[in-house]
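Beneath this line is the structure, given in structure tokens, with notes to follow.
Protein chains: 4
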Amino acid sequence: MYCEGMDSTAKRSPGRPRSTMSHQAILAAAEELLVEHGFSNVTIDGIAARAGVGKQTIYRWWPTKADVILEVTAGKAEFAVPAEDRGGYAEDLRAFLSTAFTLSGDTHTADLLRGLMVESQRRADFGDRFRTTFLEPRRHAFAAITRRAAARGDLPPGPSPDTAADIVFGTLWYRLLTARPGFNEQLVEDLVRALT
Amino acid sequence: MYCEGMDSTAKRSPGRPRSTMSHQAILAAAEELLVEHGFSNVTIDGIAARAGVGKQTIYRWWPTKADVILEVTAGKAEFAVPAEDRGGYAEDLRAFLSTAFTLSGDTHTADLLRGLMVESQRRADFGDRFRTTFLEPRRHAFAAITRRAAARGDLPPGPSPDTAADIVFGTLWYRLLTARPGFNEQLVEDLVRALT
Amino acid sequence: MYCEGMDSTAKRSPGRPRSTMSHQAILAAAEELLVEHGFSNVTIDGIAARAGVGKQTIYRWWPTKADVILEVTAGKAEFAVPAEDRGGYAEDLRAFLSTAFTLSGDTHTADLLRGLMVESQRRADFGDRFRTTFLEPRRHAFAAITRRAAARGDLPPGPSPDTAADIVFGTLWYRLLTARPGFNEQLVEDLVRALT
Amino acid sequence: MYCEGMDSTAKRSPGRPRSTMSHQAILAAAEELLVEHGFSNVTIDGIAARAGVGKQTIYRWWPTKADVILEVTAGKAEFAVPAEDRGGYAEDLRAFLSTAFTLSGDTHTADLLRGLMVESQRRADFGDRFRTTFLEPRRHAFAAITRRAAARGDLPPGPSPDTAADIVFGTLWYRLLTARPGFNEQLVEDLVRALT
DNA sequence: TGCTAAGCGAGACGGTACGTCTTGTCTTCCG
DNA sequence: CGGAAGACAAGACGTACCGTCTCGCTTAGCA
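Chains as they are written, first to last, in the working numbering: chain A, 1 to 196; chain B, 197 to 392; chain C, 393 to 588; chain D, 589 to 784.
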């Protein structure tokens, strides 16, 4: 994240290289504070103090505290869209929805996601990064389910894949943001029916 | 809004009554600043200064700057859900979606709605008021469309009315919050098909 | 008849009046920190914390931390030029020089004066205030000694009063700033001779 | 200045020798920045950037930015005390005072001297170096005037040579630091009279 | 007419976090 | 090893809002 030369032939830039220790300490501190005090109570000063790091070191590498937390979040496996084949489009959909709704029922997770979404509204530039590194990858992973269904030949004459993604993620985020997150059997079934 | 004595037999409370002029000046100032600087750059200090009013006068009547803006918003007709009967569920749906998507394509409106949603995440108490006075009424208005369809007998075997509302408003808000608001023919048609 | 506030005293400005408690607490905190940590280690944050006061309250009333300390200093009697009549110009001069040199021999006092002089170099606006509220009053007090000598008729044909002030205060400050403060019999006698 | 091997039989120390180019570039950069932005706005980072040099290279050879500037200053002829014999103590004194007051009337020079004096207050170690390499040599040069007068036999029964130096330099610095530098006929004459 | 009660403008207050700045040290690679 | 580059810990700075408070003044109904 925010690394320039990623290829193996990368010419080292001159000067002292970025400190891996500080990098890790910052992410670790951010994660701890996230759990302890919640998204909106995490501060740059707090992260710096906890990580034993100068504030400037954070500002040098992340434009915003939300970017730090986004990097923390991006490193978590639990946000991956489940990919295993359940045998049919409806089953895949059900598995995805069930996982997603359950995950967003977790207090800490819900707070984290809400916080990221809020920040993405307040800072346009972070909004771009949030969409690019978090939202879009998940849409793509969801598209894989649709693609698999098409390959299987059981893609129903429902909405287009793009609309399907909007409906699914829209419903998830809407319930998250209106304080009605969490799993709901009826809702999952209705969504599956609407999309198939 | 936030007035105590609502019943017709209301005994006048003693002391100086609330100043209508200040009330109006505050709402007007808030609306101006909203247009000029955008939701997140509106401050209580700013409203007070513009309205020529003490800050306390604002805090006395509204718990939060978002509540002021919510009252400004509530006074606008443009957010009403279209109610006229188009002859069928699909047509009603299309009319509603088209209006809503077009409205949220307006920059100022989008900023306003995003701002309210953001604030509803940051202050649980405002969140409640936002849901009660803004989101829920619109869900109810939407339910009226479904109810009319049922009365007409053309309600399709689609998702339950509640899920339908989640899908419709979820998709609207999701696109608004991910910077993809505005009308989209394909999306509207797909939504109508998914819900019918 | 009952007349309200018709007295000549200034008309109260509107709004909450300045808090005397905060004012005093800030000056007291500044003085304590001055003694404990020395001029250059006093910070606005430190004063605010010690005084239990918001930083803005300091910035509202003093442009610079040096102004706070200048006000602390201005309130101290020890910096007054001794005024009692010793009977002759030479004796008055000796009394003044001896007091001044002895005073500047005190570590805390020397640090304080050096700090003020340093700050007066770094911020032109504070420099003006320092000269106006500290240096000039002392020059005037010194001039009183000369005036008294003239009245007495024993003013010698030495340098003009203004030059005398430059010589006396110049020598005092020069020795203070070159780390050679404190009383020195020979120096005092030489100065007296040069000025008489 | 801060060079290790000074004696002519100096064994070359191992490793890469100090780069003369960097040395000169640093002094040149410091001087330019001094003129352009004034003493207090010169920073180590700024000098390093302008000189195209690493900060460490500066810190390796000078303890403080003030030491860099002190070396720049030391290289300037204009700060030399005029030494030619004017025929008498009073004339020598007048020549010296006139030169010094005129010099300190130059804006850049005054800023430079003030800056050095300020830094000498803030860093005790630099203060020592400032006194040793700048102030003391000038006192000695001034003493030469007194010595010449003694040799000539026209040394007046005024203050001791040491006090004379304190008075002269004290007055100069005092006027410089209180923003009243520059030549002043009356002052010069009064000083000459006081010292003779 | 005077009393009581609350609203009002003004603006100071205690706080919190921000993002910037400078200092002096350190860590890398290159010549 | 010296030097260029630049990251690093530390911590003060001045600003921006927040939500609360304290003034004196105004505006009402009630006595």
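By construction, the Cβ of each residue, glycine as well, lies at the ideal position given by its N, Cα and C atoms. Remember, predicted model here, so these are calculated numbers, not experimental data.
Next item on the list: Tell me whether the beta-carbon of K643(D) lies closer than 7 Å to the beta-carbon of I657(D).
Entry: It is not a contact, given that the beta carbons lie outside the stated cut-off.
Check: Measuring CB to CB, does L783(D) end up less than 7 Å from A752(D)?
Finding: It is a contact, given that the beta carbons lie within the stated cut-off.
Check: Can you name the start and end residues of the alpha helix (DSSP H) that V53(A) belongs to?
Finding: Segment: none, V53(A) is in no alpha helix (DSSP H) and carries neither H nor E.
Next item on the list: Report yes if the CB atom of A339(B) is closer than 7 Å to the CB atom of P357(B), and no otherwise.
Entry: Closer than 7 Å, so yes.
Margin query: With distance defined between alpha-carbon atoms, name the residue in S432(C), G444(C), A482(C) nearest to A420(C).
Written below: Of S432(C), G444(C), A482(C), the smallest CA-CA separation from A420(C) is found for G444(C).
Check: Could you give the distance in angstroms between the alpha-carbon of L378(B) and the alpha-carbon of D302(B)?
Finding: Going by the sequence as given, residue 378(B) is Gly instead of Leu. Near 8 Å, if we compare the C-alpha coordinates of D302(B) and G378(B).
Next item on the list: Could you check if P17(A) is buried or exposed, using at least 16 other CB atoms within 10 Å of its CB as the buried criterion?
Entry: Per the 10 Å Cβ criterion, exposed.
Checklist line | 7 Å CB neighbourhood of S40(A) in its chain, flanking five on each side removed | finding: Short of 7 Å from the beta carbon of S40(A), and not among the five residues preceding or following it, lie these beta carbons of its own chain, in chain order: G115.
Check: What distance in whole Å lies between the Cβ atoms of P63(A) and D128(A), which are believed to be in contact at a cut-off of 8 Å?
Finding: Not really, about 11 Å apart at Cβ, beyond 8 Å.
Notebook entry, point to check: Any beta-carbon of chain C closer than 7 Å to the one on G758(D)?
Noted result: At least one chain C Cβ lies under 7 Å of G758(D).
Next item on the list: Identify whether L547(C) lies in helix, strand or coil by the three-state DSSP scheme.
Entry: Coil, per DSSP.
Check: Is S13(A) helix, strand or coil by DSSP?
Finding: Secondary structure of S13(A) (DSSP, three-state): coil.
Next item on the list: Let me know if K76(A) comes out buried or exposed under the rule of 16 or more other beta-carbons within 10 Å of its beta-carbon.
Entry: Exposed, by the Cβ-count rule.
Note to self: For a test of the three-state rule: what should DSSP assign to V623(D), helix, strand or coil?
What the structure shows: Reduced to three states, the DSSP call for V623(D) is helix.
Margin query: Please give the ranges of any alpha helix (DSSP H) in the region 283-339 of chain B, keeping only runs that are unbroken, at least 4 residues long and fully inside the region.
Written below: Taking only runs of at least 4 residues, the alpha helix (DSSP H) segments lying wholly in the region 283-339 of chain B are 285-300, 303-318, 320-326.
Check: Are V72(A) and E31(A) closer than 7 Å when you measure CB to CB?
Finding: Against a cut-off of 7 Å, the Cβ pair of E31(A) and V72(A) comes out as a contact.
Check: If you draw a straight line from the C-alpha of V669(D) to the C-alpha of D754(D), how long is it?
Finding: CA-to-CA, the gap between V669(D) and D754(D) works out to about 15 Å.
Check: My guess is that A698(D) and S692(D) are in contact by the Cβ rule of under 8 Å, so how many angstroms apart are they, rounded?
Finding: The pair is a contact, with the Cβ atoms about 5 Å apart (cut-off 8 Å).
Notebook entry, point to check: Can you name, in chain order, every residue of its own chain whose Cβ lies under 6 Å from the Cβ of A66(A), other than the five neighbours on each side?
Noted result: Result list for A66(A): E119, F126, in chain order.
Item checked: Beta-carbon spacing of Y677(D), D778(D) below 7 Å -> No, they are not a contact pair.
Note to self: Can you pull the chain B neighbours of D92(A), defined as C-beta to C-beta under 8 Å?
What the structure shows: Correct list: empty, because the minimum Cβ distance to chain B is about 17 Å.
Checklist line | Residue nearest to S98(A) in terms of C-alpha spacing, selected from Q24(A), A74(A), T171(A), R12(A) | finding: The option with the nearest alpha carbon to S98(A) is T171(A).
Item checked: DSSP-derived helix/strand/coil call for P82(A) -> Note: P82(A) maps to coil in three-state DSSP.
Notebook entry, point to check: When you compare only the Cα positions, how much space is there between Y451(C) and S414(C)?
Noted result: Using only the alpha carbons, I get a separation of about 13 Å.
Note to self: Measuring only the C-alpha atoms, how far is E185(A) from I26(A)?
What the structure shows: The alpha-carbon separation between E185(A) and I26(A) amounts to approximately 40 Å.
Checklist line | Below-7 Å beta-carbon distance, A586(C) vs any chain D residue | finding: Yes, its Cβ sits closer than 7 Å to a Cβ of chain D.
Next item on the list: Return the chain-ordered list of same chain residues with a C-beta closer than 8 Å to the C-beta of R478(C), the five sequence neighbours on each side being excluded.
Entry: Contacts found: D484, R486, A487.
Item checked: Partners in chain C for T766(D), counting only beta-carbon separations shorter than 7 Å -> Around T766(D), the beta-carbon contacts reaching into chain C at under 7 Å are R523, L527.
Next item on the list: Using only alpha-carbon positions, find the residue among T146(A), E78(A), V42(A) that is nearest to P159(A).
Entry: When C-alpha distances from P159(A) are compared across T146(A), E78(A), V42(A), the shortest belongs to T146(A).
Margin query: Please list, in chain order, the chain D residues whose beta carbon lies closer than 7 Å to that of V510(C).
Written below: Those within 7 Å of V510(C) in chain D are V706, Q709, R710.
Next item on the list: Enumerate in chain order the residues of its own chain whose CB-to-CB distance from S626(D) is below 7 Å, with the five nearest sequence positions on each side excluded.
Entry: Just to set this straight, residue 626(D) is Gly in the shown sequence, not Ser. Excluding sequence neighbours, G626(D) sits near D699.
Check: Closest by CA to Q121(A), which one among T216(B), P210(B), R376(B)?
Finding: Minimum Cα-Cα distance from Q121(A) among the listed residues T216(B), P210(B), R376(B) corresponds to R376(B).
Notebook entry, point to check: In its own chain, which residues sit with a C-beta less than 8 Å from the C-beta of V780(D), not counting the 5 before and 5 after it?
Noted result: When the five nearest sequence neighbours on each side are left out, the beta carbons in the same chain lying within less than 8 Å of the beta carbon of V780(D) are those of A678, L681, R682, L685, in order along the chain.
Checklist line | 7 Å Cβ cutoff met for L621(D) and G634(D) | finding: Their beta carbons are under 7 Å apart, which means L621(D) touches G634(D) by this criterion.
Check: Leaving out five residues before and five after F326(B) in sequence, what residues of the same chain have Cβ atoms less than 8 Å from its Cβ?
Finding: Cβ neighbours of F326(B) beyond the five flanking positions: A262, L266, L312, M313, E315, S316.
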